[in-house]
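Below is one structure, written out as structure tokens; the observations come after it.
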Amino acid sequence: MCLVSTGGRGEDSSVIITLPECSAFSDIPEESLAKVLTYLTLIPRTRQPGVKFIIILDRRLDTWGSIKTALGRIAASFPGNLHLVLVLRPTSFFQRTVTDLGFRFSQEDFMLKMPVVMLSSVTDLLRYIDENQLTSEFGGTLDYCHSDWIVLRTAIESFAVTVKDIAQMLQSFGTDLAETELTDEGGAIECLLKAHTDKYRNLKEAIRSVSKEGRHLLSILESSGNEEDCHWDVRLDWDTVQRLLSQLRDMESAFDGFFEKHHLKLLQCIQLLRYEKSFQESLQGLTSQEKELSSSAETLAQAEQALKELESLDSQEVMGGAQIVILHGHQLAASHHYALALIVQRCNELRHHCDTLSSALKAKQTRLLCTHQLLLSFGQAQTWCDDGAYLLANQLVERFQSKEGALAALRDIERFLEGAPSMLSSGPEALLQEYEAVLTPQLQVISYQTHTEQRYIHVNRQACLRKLADKHVRPVQLVVPRPDNNAPRCKSPLFSPKHGIHVLRELIETERVYVEELLSVLLGYRAEMDNPSLWDLLPPILRSKRDILFGNMPEIYNFHSRVFLQDLEGCIDTPERVGACFLEQKENFQMYECFCQNKLRSEALWRQFSDCAFFQECQKKLEHKLGLDSYLLKPVQRITKYQLLLKELLKCSTGSEDTSELQGALAAMLELLKSVNDSMHQIAITGYEGELCELGRVLMQGSFSVWISHKKGPTRMKELARFKPMQRHLFLYERALLFCKRREEHGEGCDKTPSYSFKHCLKMSAVGITENVKGDVKKFEIWYSGREEVYVIQAPTVEVKMTWLNELRRILTSQQKLSFVSRKRFLSERLLLACSAGKRPSAGASSVNTCTIQLRRTATQIKMCEPLRSYGSSAPVCLRLAQGRLLGRRAVCLCVRGRRGQREAG
1 MCLVSTGGRG EDSSVIITLP ECSAFSDIPE ESLAKVLTYL TLIPRTRQPG VKFIIILDRR
61 LDTWGSIKTA LGRIAASFPG NLHLVLVLRP TSFFQRTVTD LGFRFSQEDF MLKMPVVMLS
121 SVTDLLRYID ENQLTSEFGG TLDYCHSDWI VLRTAIESFA VTVKDIAQML QSFGTDLAET
181 ELTDEGGAIE CLLKAHTDKY RNLKEAIRSV SKEGRHLLSI LESSGNEEDC HWDVRLDWDT
241 VQRLLSQLRD MESAFDGFFE KHHLKLLQCI QLLRYEKSFQ ESLQGLTSQE KELSSSAETL
301 AQAEQALKEL ESLDSQEVMG GAQIVILHGH QLAASHHYAL ALIVQRCNEL RHHCDTLSSA
361 LKAKQTRLLC THQLLLSFGQ AQTWCDDGAY LLANQLVERF QSKEGALAAL RDIERFLEGA
421 PSMLSSGPEA LLQEYEAVLT PQLQVISYQT HTEQRYIHVN RQACLRKLAD KHVRPVQLVV
481 PRPDNNAPRC KSPLFSPKHG IHVLRELIET ERVYVEELLS VLLGYRAEMD NPSLWDLLPP
541 ILRSKRDILF GNMPEIYNFH SRVFLQDLEG CIDTPERVGA CFLEQKENFQ MYECFCQNKL
601 RSEALWRQFS DCAFFQECQK KLEHKLGLDS YLLKPVQRIT KYQLLLKELL KCSTGSEDTS
661 ELQGALAAML ELLKSVNDSM HQIAITGYEG ELCELGRVLM QGSFSVWISH KKGPTRMKEL
721 ARFKPMQRHL FLYERALLFC KRREEHGEGC DKTPSYSFKH CLKMSAVGIT ENVKGDVKKF
781 EIWYSGREEV YVIQAPTVEV KMTWLNELRR ILTSQQKLSF VSRKRFLSER LLLACSAGKR
841 PSAGASSVNT CTIQLRRTAT QIKMCEPLRS YGSSAPVCLR LAQGRLLGRR AVCLCVRGRR
901 GQREAG
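Right, here's the structure in full:
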């Protein structure tokens, strides 16, 4: 024991530190001495900043050397505000004398560093410090036990460290709870809840143990005495322990609240999973009930069977179970469940399905009863028709030879007709109006056949009998055959009986599968992007770009599900309508062009987010074996499948006239594929300043070798010096021809995409063509503005050249016809206006005749001009001919020019 803080106080509440007699003080290392001094001064300085310290150095049995060494070490290591050093000098005469002499000579050195006072006895010490602040060894009355002080300080510090450890443990456990991810498996969440509860209980036990230890320590401090009798700064130690206990209680309270919320969330998650399971079971039951109501009855037996099945359905039990699930959802919502929005949505969905099923049950029962009544009426009408046929068959021909016999037979028929069922007497229109809701196409056929049979059997017989009664001639034996319901609907079937019908069924079945796959993608992926429960899995940027990812797939689905599939299903009984279905919907198929143009952007977006957890979750719910990218490719695959199926149908055709529609449908689908391919190249054009849509629809595109020559301008010599052709990619539009340069493909592997840099544009209104160029059968000329610019085009093959020439010729011809019609109308209006402006009424008729003759001559001139246009003559030439202002030599020049154009074309 070399340093002691007894708890005594000196002047200005200075803290007293005592250095008792210690023979080994000089052996204490400097580092250890500094730590002890720091520890003894830290506690008072923390409680009372700026506090002063007084050191009592007891060296009554020591020497001056020891005193000097101790003062030097204290001056070097003391960390606090040292107010005074009181030294009890040696009691022996010799050492006291040496100490006085040594201190006298060294006093200035010590006084510069710290105030030092040499005391001769304990009595002198009492002049600086009260006796009640000194221990008994210094003549004081302060009760101090150093071992008790060590035990108390150790207990307080141990308690503080334990409280700190508890705080760290609570923080770590709270972080684990906050970062816990909830799964979709109830068993896993129950295990997680049990583990967290066990750990929570262990921490609570540790907190209770530490709190008990703190309260025990507090009681010890309280039993040490009141403020007048206390020492060692007991009051301050009591405050410290009380503060630590308060912190511990606050941490425990906060932790209890946090864990209570976490525990409640886990319980609610388990409740939600169980509720979701009940919801799916109820929804499946309601959906299956709705599917069972989709069947229809075509015969009386089927209607009776459907009514029995409808009565045996456990729909009330299923809807009762759904109502229980809805009630459970309301209870969860009332308990402030964290998934309140989802639960309310599920309740509304079940309620909607219950209402739909209830309405469907009522409608189904009403429809079946109505169908049953209709079929009963049909049966009665059929029985009546059979009786009528029997009546007619029993009428003897011999009785018709006389007027009386014919009239008697006529009266029999009229009496029989009076007992006709109301269904037959009202007519098919009234029947259709009364039973419109349940009349299927098959029932309509039955109704029509029944009314037809009645008309043939009775009305025709009545007419014949009336003629016989009026003319008194021998009637011809009337044989009225009963209509055959099994007769074929067309005289010559379009397809062979086996393979053709099989291909037609394959077309319809694959169309149904295609529509179902589109619907699953739109509901299972696109619609789920609006599901709030999946927003955590979906990147926000992806939700704003779903129109890029899916393109116009909703439009394609609506077309196929509402229009095209129904048209194809209507071809089961009339297969000759297959080609017409494609031709009638030719314009609607153009939406695939928009889908394919967006495909590159869609694929790029998919590659960026293909690993997104949202897509994996949706694929798991849909139970798809393939990813979304495979289903986004379905429209492209389907549009290429049509032409294959149409080719198979053409192979199976029997050579009837209806195959022309099939051939037209095949041509339309091939043209669509070509248009889609051309448009895919069109979107890669860069550098064109205008709008490509203003040029009309892209008709053709392809790569060619091109030579250019100009009549005028500085580029003439440059172009003539070019022996090597330029490689250009040409795009033919309805109103223009674009020259582009194909650039290097960007990307790697399958991601490579070409781009086309725009170079030049020719308006089709000023374009002419020369079909053959000397030296190469694959070359042709495109010239512009009266051969101011001539482009020699070399195609890869002769077939490609002829295809392009045919398309160019078609565009130019159509433009020429439109121009001819507009000019003819303009000239007619001018001539009629001029004729109507005559002043003499008597000359009116001759003026009109003159105008008519001029109009016919002008029309003849315009027709004579048409060959010039087809071979490349410019538009102004035709206009001048139409106006009749070219005479004599100028007209001859035009004819020569036309022949020169013919030679160039030939």
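In the UniProt record's numbering, the protein residues as written are 1 to 906. Ideal Cβ placement from N, Cα and C applies to all residues, glycine included. Since the structure is predicted, the reported quantities are computational estimates derived from the model, not experimental observations.
Backbone CA spacing between residue i and residue j [nearest angstrom]
i           : j           : result
residue 777 : residue 702 : 18 Å
residue 159 : residue 19  : 29 Å
residue 180 : residue 174 : 10 Å
residue 114 : residue 129 : 18 Å
residue 40  : residue 85  : 16 Å
residue 645 : residue 341 : 48 Å
residue 375 : residue 519 : 36 Å
residue 893 : residue 739 : Confidence at residue 893 is low in this model, with a pLDDT of 33, below 50, so its placement is unreliable and the value that follows should be read with caution. Taking the straight line joining both Cα atoms gives about 34 Å.
residue 480 : residue 300 : Unreliable placement is indicated for residue 480, whose pLDDT of 39 sits below 50; no coordinate value is reported for it.
residue 927 : residue 346 : Nothing about residue 927 can be read from this structure; the chain reaches only from 1 to 906.
residue 330 : residue 336 : 10 Å
residue 325 : residue 189 : 22 Å
residue 201 : residue 166 : 13 Å
residue 116 : residue 77  : 16 Å
residue 792 : residue 510 : 48 Å
residue 388 : residue 369 : 28 Å
residue 170 : residue 15  : 38 Å
residue 73  : residue 34  : 9 Å
residue 698 : residue 808 : 13 Å
residue 614 : residue 632 : 16 Å
residue 555 : residue 521 : 13 Å
residue 161 : residue 197 : 26 Å
residue 11  : residue 255 : 47 Å
residue 125 : residue 66  : 20 Å
residue 227 : residue 250 : Below a pLDDT of 50, predicted positions are generally treated as unreliable, and residue 227, at 47, falls in that range; the measurement from the model is reported next regardless. For residue 227 and residue 250, the distance between alpha carbons rounds to 28 Å.
residue 38  : residue 32  : 10 Å
residue 823 : residue 815 : 12 Å
residue 178 : residue 366 : 57 Å
residue 789 : residue 706 : 12 Å
residue 912 : residue 75  : Any answer about residue 912 is impossible in this case: the structure gives the chain only from 1 up to 906.
residue 3   : residue 235 : 22 Å
Beta-carbon separation (whole angstroms), residue i vs residue j, contact threshold 8 Å
i           : j           : result
residue 795 : residue 762 : About 17 Å separates the two Cβ atoms, so there is no contact after all.
residue 524 : residue 602 : Their Cβ separation, rounded to whole angstroms, is 17 Å, which puts residue 524 and residue 602 out of contact at 8 Å.
residue 321 : residue 285 : 7 Å
residue 599 : residue 514 : About 17 Å; that fails the 8 Å criterion.
residue 45  : residue 51  : 6 Å
residue 95  : residue 163 : The Cβ separation is near 51 Å, so there is no contact.
residue 666 : residue 643 : 6 Å
One or two residues paired with residue i in a DSSP bridge
i           : result
residue 88  : 58, 119
residue 412 : Answer is none; residue 412 lacks a bridge partner.
residue 783 : 768, 790
residue 736 : 763
residue 776 : 773
residue 53  : 15, 82
residue 242 : None; residue 242 has no bridge partner.
residue 705 : 727, 794
residue 700 : 732
residue 685 : 756
residue 741 : 757
Residue-level contact to chain C via CB, residue i, 8 Å cutoff
i          : result
residue 34 : Among the protein chains of the structure shown there is no chain C, as only one such chain exists.
Using 8 Å as the threshold, is the segment 261-268 in touch with the segment 202-210, meaning 3 or more CB pairs across them? Not touching, per the Cβ criterion.
What are the start and end residues of each continuous alpha helix (DSSP H) run of 4 or more residues lying completely inside the segment 621-649, in chain order? Annotation: the segment 621-649 contains the following complete segments of the alpha helix (DSSP H) (minimum length 4 residues), in chain order: 628-632.
Evaluate contact between the segment 578-586 and the segment 527-536, counting only Cβ atoms and requiring at least three cross-stretch pairs below 8 Å. No: the two stretches stay apart, fewer than three of their Cβ pairs being nearer than 8 Å.
Three Cβ pairs or more, each shorter than 8 Å: is that satisfied between the segment 616-623 and the segment 553-565? Proximity of the segment 616-623 to the segment 553-565 falls short of the contact definition, fewer than three beta-carbon pairs being nearer than 8 Å.
Taking the runs of the alpha helix (DSSP H) that are 4 residues or longer, which of them lie wholly in the segment 185-215? For secondary structure counted as the alpha helix (DSSP H) over 4 or more consecutive residues, the segment 185-215 holds no complete run.
Segments of 4+ residues assigned as alpha helix (DSSP H) that fall wholly inside the segment 126-193: Runs of alpha helix (DSSP H) with 4 or more residues, each lying fully within the segment 126-193, are found at 146-178, listed in chain order.
Stretch-stretch touch, CB-based, cutoff 8 Å, three pairs: the segment 765-776 with the segment 680-696: The answer is no - the segment 680-696 does not touch the segment 765-776, with fewer than three Cβ pairs under 8 Å.
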